[in-house]
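Residue numbers (the numbering used here): 12 to 261. Even for Gly, the Cβ is constructed at its ideal location relative to N, Cα and C. Below you'll find the structure, written out as structure tokens, and then a few comments.
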Ligand SMILES: [Zn+2]
């Protein structure tokens, strides 16, 4: 497979996905010496950046004019972030990264239509990005809107229906599991999105099966600023709390 733009990436069956990682993060140097080339390294780098953000000591790496010029000729993002569009969930801020680091696709409730899947597949297969993250958060308005529409039987107007319809399967799963609180439903929706992405994208599933890419679901807390892994592989780092019981792919 042609994988331009992935220096350091070693595609091939020799790279395997572990079921867990040591959680050992790179040194807190602000700018990674090289782009993470494996799912585990990419996940550790995201956690390292999130820790800097949470602690109030972000380094704002790769946001200077020199780096801007350096990445103008090509991008080598080490993670795809499929996140909710919520204005408080800006990926480069909460993971303390900069230009060229993250390939970000955002929709309300991190719903995944064809354009989203195509964007993910582009990053993974053309740019060689080794990790895909589904990023949800507590108090998600899209999940709440779906819950309200489902409870009242009143569909929202316009194209918001598409967002609600995409969340309804997660509501059904939550009900089946006896989960009623909004944040518990959010975590189930994150895990559902990970599964749905792998189920609908044969391209992505093949990359994961070959060990070239990982897919994880992360849940973000708006007040604390922390992320935790709730689904997917690599499963989690030692810095992350236990995954939700609904994490079917862990
Ligand atoms: Zn949201």
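Between residue 162 and residue 119 a beta carbon distance of about 19 Å is seen, past the 8 Å cut, so the two are scored as non-contacting.
Counting the other Cβ atoms within 10 Å of the Cβ of residue 60 gives 16 or more, which makes it buried. Per DSSP, residue 146 is not a residue of any alpha helix (DSSP H); the beta strand (DSSP E) it occupies stretches across 142–148.
Under the DSSP assignment, residue 195 falls in the alpha helix (DSSP H) whose first and last residues are 193–211. Relative to the non-hydrogen atoms of ligand 1, the Cβ of residue 119 comes within a distance shorter than 8 Å of at least one. A contact between stretches requires three or more CB pairs, one per stretch, nearer than 8 Å, and the segment 224–243 meets this requirement with the segment 131–146. Assignment of residue 82 by DSSP, reduced to helix, strand and coil, places it in the coil class.
Residue 109 and residue 218 have their C-alpha atoms roughly 26 Å apart. Note that the C-beta distance between residue 117 and residue 135 is not below 9 Å. DSSP places residue 114 in the uninterrupted beta strand (DSSP E) bounded by 113–118. Remark: C-beta atoms of residue 111 and residue 78 approach each other more closely than 9 Å.
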